[in-house]
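Following: one structure in structure tokens, then a few remarks.
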Amino acid sequence: MSNLEQAVGWRQEGKVQEAIELLQEITVQEPENANVWYQLAWAHDSLGLEREAVPHYEKALSLGLSGEDRAGAILGLGSTYRTLGQYEQAKAWFETGLTEFPAYREFEVFYAMVLYNLGEHAEAMQRLLVQLADTSSDKRINDYNRAIRYYADQLDRVWE
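All residue numbers for the sequence shown refer to full-length UniProt numbering, where the first residue is 1 and numbers rise by one.
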């Protein structure tokens with residue numbers, strides 16, 4: 001088992017501080033390893049250390065993180081910026097995620113959250129309603145799928 005695998009295992013087991021210490025050692029040995037920086041960011045986020053996580057996410061992404069890890073880092077960075085109240089930065093990262101990973105529905109949900117934070121309530125609701133209509137397995141929701149989709153972008157309309 002590699003040191004990186006050990007650190008990931010520790011994070012998953014709840015031994016997050018130990019994981020951070022090992023990951024910091026690995027960054028010294030492998031400063032260009034994007035995945036190590038991503039795992040370090042994730043570990044900081046796991047402890048609620050959002051401000052400390054940001055530069056690690058940014059470093060991982062700047063080093064060319066790819067695939068599922070890139071999607072996770074973009075979502076993690078956007079979400080972290082949102083929790084720090086840096087809504088415009090969060091919005092930009094979620095838009096990057098939506099562009100690069102259009103099939104990953106989680107980006108729509110987190111994007112809706114930041115739209116809410118920015119006061120763009122109608123678009124936030126519209127995006128969430130579409131996700132609900134697309135993904136719900138609830139029979140009653142599915143019975144109203146067409147109506148939910150129809151009203152999703154007409155929430156302020158009043159029929160007379």
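Glycine is no exception: its CB is placed at the ideal position from the N, C-alpha and C atoms. Since this is a predicted model, take the numbers as computed values, not measurements.
How should residue i be labelled, buried or exposed, when 16 other C-beta atoms within 10 angstroms of its C-beta is the threshold for buried?
i, result
"I141", "exposed"
"R70", "buried"
"A147", "exposed"
"W93", "buried"
"Q126", "buried"
"L155", "exposed"
"S79", "buried"
"D138", "exposed"
"G48", "exposed"
"R11", "buried"
"A53", "buried"
"G14", "exposed"
How big is the Cα-Cα spacing for residue i and residue j?
i, j, result
"G119", "E50", "23 Å"
"E32", "Y38", "11 Å"
"S136", "F110", "17 Å"
"Y57", "Y81", "11 Å"
"A19", "K91", "30 Å"
"G36", "E25", "Note on residue identity: the sequence assigns Val, not Gly, to residue 36. Looking at the two C-alpha atoms, the distance is approximately 10 Å."
"D143", "T99", "31 Å"
"P55", "E160", "53 Å"
"P102", "H121", "22 Å"
Using CA coordinates, which residue listed in the options is at the minimum distance from residue i?
i, options, result
"Q86", "F110, V114 and G72", "V114"
"E21", "A43, W159 and L129", "A43"
"Y116", "L128, E106 and R105", "L128"
"A60", "L23, A73, M1 and N145", "A73"
"R149", "E160, A133, F107 and D138", "A133"
"S62", "A41, L84, A34 and E95", "A34"
Per DSSP, what kind of secondary structure is residue i in: helix, strand or coil?
i, result
"A103", "coil"
"Y87", "helix"
"E123", "helix"
"K15", "coil"
"D143", "helix"
"Q6", "helix"
"R157", "coil"
"M1", "coil"
Unbroken stretches of the alpha helix (DSSP H), 4 residues or longer, contained in the stretch 27 to 71 = 34 to 46 and 50 to 62
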